[in-house]
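Structure record follows, encoded as structure tokens.
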Amino acid sequence: MQKPKAILILGGARSGKSRFALKLLEKSSKKVLIATLEPKDEEMKTRIEAHKRERGSDWALIEEPLNLFSVLKQAEKKYQGIVVDCLTLWLSNLLCAGKKDEEIIQEIEKICSLLPKLKSQVVLVSNEVGSGIVPIEPLARKFQDLQGKANQKLAQVCGEVYLMVAGIPLKIKGED
């Protein structure tokens, strides 16, 4: 049996990324969602509840806003299928925690080096932030640059990459 390769799902807000990620692993018997969202307001809490209903009770949940590398290593020991939702919020959390650009890139590179070693099927969800205008605010530009670099690095190590548009997955890397 061929070793599973990680899958990266990119797309804009509300493009269907999370739903598609869950669908890819629906047949896995032991599966977990690693959620990076910190519920800081009512709208975010509502989103979390909607995602819980959509995912169903057969999914385990790990909430981890910062230490994604260690959580992935631990989850791999217990679960066949792992969805990380989402890398964009994780990167934002790292920025808000005061991490420097170099530290964030190191975290991304650690994850990139870990993915090929994992026995579990891993599906990563991330926003495509490079299709809009260049933001006027320095922090927003920094975020967009880091997210673009992260997506490029992850796409290199993932066996499949999809771009979600209007709920439709477009495969942009991988065999058919």
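In terms of our numbering, the sequence shown has -3 at position 4, counting the first letter as 1, and numbering is strictly consecutive.
Where is the CB? At the ideal position from N, CA and C, for every residue including glycine.
For L61, the enclosing alpha helix (DSSP H) covers residues 61 to 69.
Around the beta-carbon of L132, fewer than 16 other beta-carbon atoms lie within 10 Å, marking it exposed.
DSSP places G5 in the coil class of the three-state scheme, outside both helix and strand. By a beta-carbon distance limit of 8 Å, I55 contacts A68. Their separation comes to about 6 Å. The Cβ-Cβ distance between V64 and I27 falls below 8 Å. Where Q140 is concerned, the enclosing alpha helix (DSSP H) starts and stops at 131 to 150.
Counting C-beta pairs closer than 8 Å gives fewer than three between the segment 154 to 167 and the segment 124 to 142, which falls short of the contact rule. Going by DSSP, A53 is part of the beta strand (DSSP E) stretching over 52 to 56.
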